[in-house]
Structure formats: structure tokens, C-alpha cells
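Note that the protein sequences, when read in sequence, are chains A, B and C.
Each residue of the first sequence is one higher than the one before, counting from 4 in the numbering used here.
Each residue of the second sequence is one higher than the one before, counting from 576 in the numbering used here.
Each residue of the third sequence is one higher than the one before, counting from 326 in the numbering used here.
Where is the CB? At the ideal position from N, CA and C, for every residue including glycine.
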Amino acid sequence: MDSALIPEGAKRCPLPKFSIGIAIVSAVLLWGVYAMFLCWFKGLNQTNMNDYYGFALWIWADLAVIAVGGGAFFTGLLKYIFKIDELKNIINFAVIIGFICYSSALLILAIDIGQPLRGWFIFWHANVHSMLTEVAFCLSAYFAVLTIEFIPNILENRQANKVPFFHHLAHNMHGVMAIFAATGAFLSFFHQGSLGGVAGVMYGRPFAVREGLLVWPWTFFLFTWSAAAYGPCFTLLVTKTTEAITGKKLVKDNVIHLLAKISGWMIVTYIIAKIIDTAYWAMVTAPSLGFNLSHFYTDNSFYGYWMLITEIVICGVVPGAILITKSTRENPKLRLVAIILGTIGVCLNRWVMVLQIMAVPVMSFDTWALYIPSWQEIATTVLPVAYGVILIAFAYRYLPVFPQEQELNQVKPVTE
Amino acid sequence: MVQENHNSAYKFGMVIDLDKCTGCGSCMVSCMAENNVPFKEDETNKKDSITWMRVYKLTNDKPFPDTEVVYMPRPCQQCGGKGDHGHSPCVSVCPAVATDYGYDTGIVSQIYTRCFGCRYCMGACPYHARYFNWWDPKWPEGMEKYLSPNVSPRMRGVVEKCSFCYHRYQAARDKAYAHGNKDHIKEEDYQTACTTACPAGAIVFGDLNNPAHEVHQIVKPDPHPDPRNKHVAGKSRNPKIFRLLERLGTNPKVYYLSEREWVRKQGDNYLEGEWEKIKNHHGKASHG
Amino acid sequence: MKVDRRSFLGLGIGAVAGIAVSPMGMKLTDDSAIWTQNWPWTPVPVDGKVNYEKSVCSLCPGSCGISVRKIDNRPVKIEGLADHPVNDGGACLHGIAGLQYLYDPARIKTPLKKNGANFEKISWNDAIELVAEKLSNMREKGSPEKLACITDKEQGSVSGLFKRLLKTFGSPEFYTMPSLESYLEITASALHGKGKTIAFDLENASFVLSFGAGIIEGWGSPVSCFKANASRKTRHAQLYQIEPRLSNTAANADRWIPVKPGSEADLALGISSVILKNNLFDSNATSNFKGDLNKLAAVLQKDYSLAKTAKITGVKPDDIKKIATLFAKAEMPVAVFGKGRGDGAQSLKELAAVHTLNCLVGNINKKGGAFVKPNNQYLEFPDVAMDSIAKTGFGKNKTGKYVNQFFEEVNRSSQSLIEALFIYNANPCYTLHDTKKIKKALDKIPFIVSFSSFLDETAMEADVILPSHTFMERFEDVPSSGGLVKTVVGLTRPVIRPLFNTKTPGDSLILIAKALKGNIAKSFPWTTYDKCLESLTSRIWNSLSEDGFAVLSNGMPGDSQPVDVSFLAKNPASLKAQGNYDLTLIPIDNMRLMSAATASSPFAVKTVSDSVLKGKDIVVEINPLTAKGLKNRGFAVLTTPMGKTRVKVNINEGMMPGVIGMVTGLGHTFDNKYVSNKGVNINDLIGQVIEPDSGLDAAFGIKASISKA
Ligand SMILES: Nc1nc2c(c(=O)[nH]1)N[C@H]1C(S)=C(S)[C@@H](COP(=O)(O)OP(=O)(O)OC[C@H]3O[C@@H](n4cnc5c(=O)[nH]c(N)nc54)[C@H](O)[C@@H]3O)O[C@H]1N2
Ligand SMILES: Nc1nc2c(c(=O)[nH]1)N[C@H]1C(S)=C(S)[C@@H](COP(=O)(O)OP(=O)(O)OC[C@H]3O[C@@H](n4cnc5c(=O)[nH]c(N)nc54)[C@H](O)[C@@H]3O)O[C@H]1N2
Ligand code: SF4
Ligand code: SF4
Ligand code: SF4
Ligand code: SF4
Ligand code: SF4
């Protein structure tokens, strides 16, 4: 039925089956959309956020998707700037994942602010001292870049590509993509960093504050680094998942191994920096403000040392070690474990840098503030996931996302 | 943000005598009535209850019958930021300049029509002095008639906080202008609504830069930065006076006074044994 | 024109691009932001000319001077009035929130008549006629004494007019609600003779020994007390606070002396015992004691030895001795009575025992001591005309000495003792112990007329409501009370034209009197209450109308006062709390909550801590030793002989073990969602315990148990 749109020679499941899958995910999407409209029309009282928890679940999701979406800029950087050519076989997918992550992030920001219709004030009345201003500018600009990076892939759709203009446009865009990739990498570097800066500059919050370089607290660099390190884990994880769902091998092992290896070394270097940062903060910064490390991890029912250990050791050191070691990296099971742990690790880091900051009491007579999200927050947080699944499903079905797909799946005579 | 010479301007501040404070709540209500603060059916979730002035209850945590209690009124601390240069924790993070530092007054403003509700400032403020309008403000039928035209009611979705009753400053400034002395606002002409309401006289308000003002005389702010912490300026030379979280370098303009050591200690966080070492350290001019 | 897919696509893309680059997009974006800045549902207060008006707050007996800021004719803020003799500038949170009462959702907007379970609106004419008809019938039947009246206080022209109406009508049944003022008079009457009251010179005292008086919890004239307390720091005066709980007053005091609930009188007597035994008393002062001092001394030596007192009160013998010595040797000591706000249940034994301390150390009518002075007299009423029905009726005995006894008798009697009841500025269905019983008594009274401004718990029981203006809409004389050293009368003035179809209570009474005709009408010769007020206060009217207040006496009374301790010398027994449970439930007066006829405002309720009220649940205070098995902030069931209720628990070291504290002023049930249906009314859980010798309800608490919910 829709075979005219499906990339030539590719095998896709029957349309009804596809439609049912999409319908199920769309139901989840609609639930999220409903919650989103509730937040817009009735206000943020639909959430369980409060004056202590001004940043909550979906801002964590926002930071997390940006972090894991970091696979796009980093893979782009490697492919176009460092000319690691194997990565062309996964770059399309990395870009799509990035596109999903960043469009979601922008959508979440639009839901999160109390006055969405004034959101543009952040550009119009920009305060250059604010990390959030930097985030807004870079995020929007990078989203534009990702869109540009995504367009050629869309134009390669079998029908679109028949239009000569689109065909040439796609071709020429590929030609200049290095420029966009460079721009994207630069922008990404800054907004990933400024997201880290958001926490690090809050010198009223001893849990968040970090010293740094010039106007940038260490968290600025750590965020960029961690996004570059863990982003590819997520790209690999989604690739693996897509392969599992479609039942096909889509990317060759050498590509996977290469990306995993790069990711592994990035994780290792990152985690060393993170450990140094944490140690310095715990032993110098916080004590200079009158806080023991234990202040941040005890006296409450949720945030314990387990969080710190999980983030740094289990989801940092362990995946790093697995991915830099050839034997473990090339073992599919262990590699899967590593990329899952890595993805969790970076999400956990973002959780800590958003939610735990809000929870820790600062005034000596204040108490821990814990919160439980409302269903509207959960629905709105799930919304981008559903949207991502749908977009990937459509992209996979109708666009030549994986250049190696045909080669890896020799087409047998089709009976239709 | 033009940085004028901070010292030639006003620097309005407060000192609250915690030994006099009774926890009566007049300051809270006076603030709400003065500044058109709304109320809702259930205000017992103190984490979403708008009280520009909030009175905290502090205890020494000793068992019966040695328990002691002190009340601590907490308006916005009107932080001068690190080194008192005007980069208050909240001001420096606001992406839209919806909250700003007044170099002429030392007052941190909040512009409701500019604020787009990102709440970054709330995260940055360690005093929880900022409140978000989670709901549309609503008054029972007819009650909106008591609203004051001096302060605009806030719409849903924006942040608000204590303004040191800025409209009272504006009125005093107008008065000074009318009397041809625009640079001299009289102490009695600009007093905040919480100060004038306090039945115990626990709050003293005025210009910290003006030696003729009572607040200056009580606080005796040290003009030099704290030698132990370059971010801290304007430390009190009165050993019974402290500021909240002074070590963070937020440089509040709200000072607290108490004879009780355990109260002063709760003003900040200290590692074990640290308090004993530094409790008697006050502005260096105090040695003279 | 053929619109194919491609041209359609082109058109769409073109339109989007066009809008994006044209100024229209920017304009729409800008407009939408401007719209959010001017949402029509966010009110914009109207500006106008600023002006200030002086008045007096009468939300509590404090009688503070207030300054009302207005924009044109619209009051926008109430603040304390500088240079006013009572409060000189400050105001309490209730007074500052005063404007909220004006627009209270529970306000009664027009006269109402009960029809079945509901009220229906009626005109003022019909309402007055209805009341006059019922009352006339009673006189025709020759039983005018079956008309009773309850108001908040004895003093002032409005109470005077109610009393006057009753007298010319022929009834002695005039009652006031318990108040600190009434206890001061009862105490003065018991120790010094009738027509007197007591004041405490807290501003000057160098040592204040407070037996639970909530000096910063709303006791007396609250703002004046706050100021006196704050000045202690500069005067280096001391405050010792005796009570089972670390109240704000105790926290602010130099020392808190926890005492077993209900044993305050015993502690006072124990201290007297030390003073007498160790010759610490002032021998000049004891010469004023008329008889019975020796008898009292004998009783004290026998029953109030250090050891015995310590056992009863839980205060260590050494502490008792120390307190006695400090108190007796202080330059200007004063002992203060009236637990909490001083308007709850009190026993005469306690009041007298504490005041005896003042008498023993000779601080009566001395600077920094206790002043015994004549009652505030400033109204000049013309004579009342009484016919024979009135004279007979008025000459009969009152049903009860105090309002508690009145309700008890009404309940007890099988006949209809009372046929009509006027209630003004009182909410006995909420403020008296055992509210169920009070409601039952009201059910037995066939015709109740309420003059309330708000449809509160008691107004709900009325048959006719003649709604009053609030204090912001009317003139009224407000005599200072509550143990204030100065004797001041303030003038409440209308700061806004009445919002609704209400009247000044005085005008309602004048209308009723005129409708009753004859002698009664003759006794109310005034055309309006405002004219009446001016003539009653003619002596001080100039000062009242110009300054807003008149100071009747400023300093301390010069004379010495006779002291009669025969009441205590009889060694009256201390009362026990009702019931057999292990713990004792006591009321907590909290400055942020009103617990008298006037309920709290939404602002006041907003300030209440979440360790007092959480959601709709009241939180009780309990010591960790008593809270075995209970979780902090967890639910529990509190049981007293009067009933059970679900509460939350605040485990708190500031509460004496064995005691449970519950705040007063919550649990209202009328129609104001910001104030009502929050927590429980402690008066539902405590029953009356009448002190046999005085007739006062002296229930300081009740036995209780608490267990996990
Ligand atoms: N007599 C007279 N009266 C006038 C006018 C006149 O010409 N003559 N002009 C009128 C006109 S056109 C205007 S625009 C107005 C301007 O009058 P105002 O509104 O009084 O404006 P400014 O005098 O500029 O004061 C602005 C200051 O307010 C602070 N501020 C701004 N927003 C907030 C806030 O939300 N909270 C607090 N605390 N501070 C805030 C800023 O820090 C800034 O320093 O005056 C009007 N009134
Ligand atoms: N330093 C400083 N500068 C400011 C401001 C500030 O706060 N401080 N505020 C800014 C703001 S918000 C504003 S709105 C502007 C206002 O600044 P302007 O628009 O300059 O307003 P004014 O100076 O108050 O009045 C303008 C002139 O109009 C004249 N006028 C009055 N009525 C009429 C009339 O009916 N017809 C005609 N033709 N003329 C009339 C007056 O006499 C006066 O000369 O100033 C801006 N500039
Ligand atoms: S009004 Fe004064 S005494 Fe009352 S709580 Fe506020 S500061 Fe304390
Ligand atoms: S107290 Fe908070 S809101 Fe006020 S200036 Fe300081 S950081 Fe900003
Ligand atoms: S919430 Fe408003 S004031 Fe606060 S940072 Fe955001 S825009 Fe600025
Ligand atoms: S200074 Fe004004 S705005 Fe601030 S707390 Fe006091 S009354 Fe409220
Ligand atoms: S103390 Fe009483 S009279 Fe004074 S302001 Fe408060 S409520 Fe009014």
C-alpha cells in the first residue's frame, strides 16, 4: 500500500501491523498532549512542583534527553571534522535521535515556563550573565542545525528524491554538511556546557556550586564531556533496540565497535575528571561553606550515598572499563550492559544536578524537600518518548536511514 | 546594568531583633495586605504558600524542659551578591532581566510583566524568598476592592518576592523631590510595611550607608571585605549580629540580632568545631 | 485554476514563510505577550487620591488605634495608629487583616428569618415588627424575665443599651461572655470589693511572674503587651513564665517553669507560703489585709509546704523557693494571672491565689505593680422608665450567675425558662465548653435574635438575624480593657459606607424599643444611635471625636486597697480535670488565631504553621515521652470523655510529658472556605467543670488518651 514510499529494496512490515503499533504509541502520545494542554491552559498548578521544587521531573527529562542526544553532535564531529568515515553508517540515525531529543527539549521548555507566551523574552530581554540565556540561544540554534542535518535524509525518501530539485538539494547539502556539523559541535559544546553551568553558578546552593575557569564552573565542561561520552551509548542503545524490534542487523559491527570504543575512552576520561571534581567539591568547596559531604546524603528518605556510587562507579567506571577493553567491548552482551549503564549514568547525573539540588536544605533550620510528580508531569515527560518512537518508526520505514541495511539483509524474493 | 558607585547610593537594609520578635505574624499579614498578596483555600502546604515575609520557628533541639524556641522573620534578603557587587544569586541567573539589582537602592526588583516563569531564580535563592504564582490570584467576591493600586496584583505563572515595599521608596523619593532634596530621603519617610506593623518593634529599617540611621548604628557594617572570605562585605561589627548564610557570599542586607549563641549559630552552617573558632570573629574594625 | 498537490504544497510553504518573515508574526507574538500582562481576570486596583482615617479596632478587647489608608472612598490598608495611648503604632495581624472582614463571604447582607432549616430574607421593617410582636406577647403574658441577652462585655454603650432594654422590658437576664475583663472584675471583687478592676503595669515591672498569661499570645490588650514585653530587653526586666507548655511567651521569657496543668493556683499558694514563712512579705502591705490573713497563713503552712507544693505542681522545691525569693525581693514585681489569652475558663482560686502574691509583696497601686482601680465609667445614661411589669420581672433572680450556669440551667429545666434571647457579639456555640450542650440549650429557647455581622455557629441557631455593620462601617465607643494600666475610650468610626443592608446594633435596639412603645420607647428617646452615643459620652465627646480617643485616667491610682483573703482562707479545693484517662488535653492560645466571637481572617489562617494545621487536620502537640508509638506528623485518635477526633501529631519537646496541647480557634463550621472546616474546635472536646465556690466554668482541660489512627 505504502510501498511506493518505502526505500527501494528494503523490507518493511505490512502497513496494518505498522499502523497498529503506531496507534498504540499514539495513544500514549495523546495522553501526554492532553497533560500538556492542561498545563498550558490551567497553569503549572497541574504539577506537584512547588516553591522549593521549582525545577522538577520534566526538567530532568529535558536535561537527560539533551545529554543523550549529545550522540548527534559528537558523532557528527567525529565523522565530518575528524573524518572517521565508518561513522557515516550511523550518522543519519544519530542525527534523527538528536533531532528528537532537541525538539523534545524545546517542547518541554515551552511547557515548563509559567508564561509560555512570553517565552521569547529570553531572547528579547536577554541577560548575558545568565546561563539559561546561553542555553536558550545555543539550544535553538543547534536545533536549527539538526533540522538542517536531518533534511537531506528526508529528501532521500524515494518519492521526494524523484523531484530533481530535492535530489540536488540533498546532494549539495551533504556536501556542505561538514560546516553544519562544525557549527553544531560548537553550539552543542556551549549549550551542553551552559546546562551544566546552570547548576554550577548557583552559589547559593552548596550542593550545586563549583569553582571553574573564567565565567564557567567545572560543571560546564563536565556536562559537555559527559554528553559526548554517554551520547554515543544512547545512539548505540537505540540502534540495538531498533535492530531488536525490526529483527534486522542495521549497522555493521565494526562501526558499532568503533563508536563503542570512542565512547568508552570518553567515559573513562570523563569519569576521572568527574571523580576529581567530586572529590575537590566534597573536600574543599563544600567544607569551605560549612558543609560536610554527609549533609547531602543523609537525613532523608531518598538521597543516599547509593546515588553517588551508582552514578560514578556502577554507571561510570564500569561501562567505561567494559568499553575500552576490546574483549568485553566486542562481547555483545557485555556491550549492551555497558551502554545501558552508561545511559542510566548520564541520566542519573542530570537528576542529581537538577533534583537533588532542590531537595538539599541550605539554611541550617530548613528541612529536606522531596516531591512526587503528578500524573500530568509524568504524562508530559513520557510524551517525548512516544513522539520519539513514532518519529523513528516513520524514519526507519520511509527513509534510507541505515546505509548498510541492504547489504546486511540480502533481499530474498519478496512475495507480496 | 550600569554599575554606579555603590557607596554614594542608598543601601537599604534591615536588622531584626530576634529576642524581641514574638512570632506574632503581624509582619507577615502587613506585608500581604500592603502588597496585594493573594490567599487560597488551603495554605498549609508552606511550600506553595506565598508569604514574602515568612516567620521561621527555630529550636535549640534540647529535650524538655531545656527546649528553647526563637522566631526568625525572613523577608527577601536583598542580596548584594559576591563582594556586594550587585550579582545577587537570583539576579545573576534570570535570563530575561526580570529581576534586577538597583545600584541606587540596593534593592532587588522583580518585574512581573517581564518574568516568564522559568523559576531559575527560585532555584538560585537559598533563602526560599521567591514564590511562584502556581495559581491565578482570586479574591472572594467583592474583596478585590481592598487591593492597593500601589502594587500590581501578579498574574499566574510569574515569580514574586519581597520588594522592601519599593512603592514606599518611590513615594518617599517623590516627597523628597517635592521638597527639592531629591538625594535625601528621610529615615521616617521610607519604612517598610512589616517594620511599621511590628508590635514588638523588632524590625529596624533604613539606609545602611547612612551613619545617622538607626539601622547603621545597630549594625555598624564593616566597610572592608571580610579578610577570611573575600566575597563577604558589610559584615556587622556587632558581635551579636549575624546574617543568614553569610559564608556563601550572598551579602544579604537583612541582619539579625540575638543574645542567644545557639540562635546565631543557626544562621549559617559550620563544620564540627568551626563555630567555636570563628564565633567571635567580626568585622576587622571591631578590633580597633 | 487547478490546485494540484505540488502547488498546494508550495502555497502552504509560502504562507508559512510569509507569515514568519512578515511583521504579522512578530506582531502576534508581541500581542499575545501583552495579553498575558493584562489578563482580564487578574484584577487591576483602581487608583485615586490617598487619604487616611483614624479609627479604633474592635476585633478584640485590645482597642488599638488604627489608621486606615484609603484610595478615594475605598479602604485599602489598616495600620496601627502612631501616638495612640493604647498601641502607639503597631497592630496585630488580625487588626491589619481587618478589611477582610468587610468582604467576608460569611457576612450577613440583609435581615434574615428562619424558615424551617433555612433562612429567608426579610425587610428591616418586618424583622423589627416580628421581634416586637414576640416580645410584646411575653410582656402581655407577664413574663418579661423570660427575655435574656448575651453580649461580649459589660462596658460600652451598645452593651449599655442592651442592658437598658432588658431593664425597661423587665428582665434581669443579662449575661456577658467570659473575658479577661470579667475575670479581672471577679478577682477584684473577691479581694478588694465591688466595682473595681485590676491592671498590671507590665511596662514598668522589673520582675513579671506570669501564671500562664500569654503576654505575647493575645492576653490583655495584645499590642500594648507586645510593646511592654519588648521593652524588657532595654529595661533589663525579667519574665518568668509558668505553664505546662513552651508557649511563645515562655520561649521569650527569661525562664520557663513547666507546671502540671491545673496546679497553677497551688504553685501560687506554695510561693505565698514561702513568702509568709520566710518573712519576705511587705509588712506595710499586710496591714491592708482585713482579717483572715492568719487563717490563710495557717492553711498555707499546713497544705502548701514546699514538699507538698512540689508534689502537686511538679516544680522542684528549690525552684519554688527561688521564685518566691526573686519575686519578693524584686524592686517592682508583679504576678499576672489569666492563662492563655485570659478569656478561657479560669478558676477563682487560681486568680485569687496569684493576685494574693501581689497583695503580699505590697505592689498594689505602685509603679510596676498591680493597679486596683474603679471600673471604667464614662457613659451618662438618663433614667430608665419602668412599669410594674418591668419592675416585677427585673426584680426576679437571674437563672445563673454566669453565662455557663445560665446554659446549664436552661438545659436542666424541664420548663421553658427562657422564651427569647438576644445575642450580640458572642458566639457561645463555638467558644464555650461542650458546644453540643450549648446548642441543645439554644434549641430549647423558642425565639433567638442575633445581631451578628457574620453567619457564624450561633447566628445559625437564630430565628431572626438583625445584621450589624462591621466596626469599619459604624460609630461606637470602645473602652479599653484587658488589664490596661491607662483607662482609655476610643471611638470606632465608619471608614466606608455600609456595604450591605445592615445597621448599627444600637439603631436596631432603638427601633425595637420604639416598636415596643410605652415606657420602653420612652427609655430610648434617641432618633439614632449616633446621636445617642454623642449624648451618652457628652463629657468626653470633644476629645473622642477630635482625637479618636479620650484618656480617662493615665497614671496609677493613689489609694491603698483593702485586701480580703477569706475566700482562699476557706481553702477551696483545686479542681480536677474531668475523666479517667492518663493524659490531659489543654487548650493552646495562638496569637495567629482568633478564638473569640470574631473568627480569624483568611490572612491570619494563612500564617498558621503547618505544625498547627495541616490540610484540614488539626495538629496536637505532645512530648516524645508521651507519644509512645506515635509518628511525628502521623495520624492519631484523640479521645476525651466528650468524644473522639482524628488529629495529627506534632512531637515536641516544648510540651510537658503527660499533656496534649490543642490550639483554640480552629474547627469553625460556617460558610467561609478560607477559615472554616479546618481542624476541630477544642471546645467540642472539653466539658464544663463548674467551680463550686465561684460558679465559674474552671475546666482547664480534660483527661484524654491518644492512640495511633
Ligand atoms: N508626577 C508624575 N507622575 C508620573 C509621571 C510624571 O510625569 N509625573 N509619569 C508617569 C509615567 S509616564 C510613568 S512610566 C511612571 C513611571 O514611574 P515608575 O513606575 O515609578 O517608574 P520609575 O520611576 O522609572 O521606577 C522604576 C524602578 O522600579 C523598579 N522596579 C520596577 N519593577 C519593579 C518591581 O516589580 N518591583 C520592585 N520592587 N521594583 C520594581 C526598578 O528597579 C526601577 O528602579 O510614572 C508616572 N507617574
Ligand atoms: N530621566 C528619566 N527619563 C525618562 C523617564 C524617567 O523615569 N527618567 N521616563 C521615561 C518615560 S517612561 C516617559 S513616558 C517619558 C515621558 O516624557 P515626555 O513624553 O517628555 O513627558 P513629559 O515631559 O511629562 O511631558 C511632555 C510635554 O507635554 C506637555 N503637555 C502637557 N499636556 C499637553 C497637551 O495637551 N498638549 C500638548 N501639545 N502638550 C502637552 C507638557 O507641558 C510637557 O512639556 O520620559 C522618559 N524619560
Ligand atoms: S511582627 Fe515583629 S514580633 Fe511579630 S513576628 Fe514579625 S518581627 Fe516578630
Ligand atoms: S534573598 Fe533570594 S530572592 Fe532575595 S536577593 Fe537574595 S537570592 Fe535574591
Ligand atoms: S522566573 Fe522570572 S524572574 Fe525568575 S529567573 Fe525566570 S524570568 Fe527571571
Ligand atoms: S519589606 Fe515590604 S515587601 Fe518586604 S517583607 Fe516587609 S512588608 Fe513585605
Ligand atoms: S490587638 Fe485587638 S484591637 Fe489591637 S489590632 Fe489586634 S485585634 Fe485589633
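Under 7 Å from the C-beta of residue i: neighbouring residues of chain C
i	result
G781 (chain B)	None at all; the shortest Cβ gap to chain C is about 16 Å.
W43 (chain A)	Near W43 (chain A) there are no residues of chain C at all, since even the closest Cβ is about 12 Å away, more than 7 Å.
Between the CA atoms of residue j and residue i - distance to the nearest angstrom
i	j	result
A538 (chain C)	L676 (chain C)	11 Å
H132 (chain A)	P802 (chain B)	27 Å
V728 (chain C)	W866 (chain C)	33 Å
I103 (chain A)	A422 (chain C)	53 Å
C385 (chain C)	A282 (chain A)	60 Å
T756 (chain C)	V945 (chain C)	19 Å
P1017 (chain C)	T638 (chain C)	22 Å
T245 (chain A)	L339 (chain A)	13 Å
L217 (chain A)	S667 (chain B)	15 Å
V577 (chain B)	R818 (chain C)	Residue placement at V577 (chain B) cannot be trusted, given a pLDDT of 42 that sits under 50; the coordinates are not used to answer.
T611 (chain C)	K795 (chain B)	52 Å
R629 (chain B)	S934 (chain C)	10 Å
L505 (chain C)	L816 (chain C)	21 Å
N610 (chain B)	D679 (chain B)	22 Å
V392 (chain A)	D5 (chain A)	19 Å
6 Å Cβ shell around residue i - same chain, five flanking residues per side excluded
i	result
C350 (chain A)	A67
V612 (chain B)	I625
Y695 (chain B)	V668
heavy atom of ligand 7 below 7 Å from residue i C-beta
i	result
L384 (chain C)	yes
H409 (chain C)	no
H419 (chain C)	yes
Contact test: residue i Cβ vs ligand 4 heavy atom, cutoff 7 Å
i	result
V683 (chain B)	yes
G207 (chain A)	yes
Closer than 7 Å: residue i CB and nearest ligand 5 heavy atom
i	result
C857 (chain C)	no
F691 (chain B)	yes
R694 (chain B)	yes
Closer than 7 Å: residue i CB and nearest ligand 6 heavy atom
i	result
M628 (chain B)	yes
T932 (chain C)	no
E609 (chain B)	yes
Residue i CB to nearest heavy atom of ligand 3 below 7 Å
i	result
C740 (chain B)	no
Residue-chain proximity (residue i, chain D), Cβ-Cβ < 8 Å
i	result
A898 (chain C)	In the structure shown, chain D does not exist; the protein chains are A, B and C.
Own chain, CB closer than 8 Å to residue i, minus 5 neighbours either side, in chain order
i	result
F960 (chain C)	D942, R971, V972, K973, V974, K1033, A1034
W364 (chain C)	none
Contacts that residue i makes with chain A (C-beta to C-beta distance below 8 Å)
i	result
S357 (chain C)	L120
Close-in-space but distant-in-sequence residues of the same chain around residue i (CB under 7 Å, 5 per side omitted)
i	result
F192 (chain A)	T227
Interface partners of residue i on chain C, CB under 8 Å
i	result
W123 (chain A)	T354, A358
Listed by chain order, chain A residues near residue i by CB distance under 9 Å
i	result
T367 (chain C)	In chain order: nothing, as chain A lies at least about 12 Å away.
Proximal residues of chain A, C-beta to C-beta of residue i below 7 Å
i	result
T361 (chain C)	Q118, L120, R121
task = With ligand 3 as the reference, list in chain order each residue whose Cβ lies under 7 Å from any of its heavy atoms.
result = Qualifying residues come out as B:I591, B:K595, B:C596, B:T597, B:G598, B:C599, B:G600, B:S601, B:C602, B:M603, B:V630, B:Y646, B:P648, B:C769, B:A772, B:C773, B:P774, B:A775, B:A777, B:I778, C:F551.
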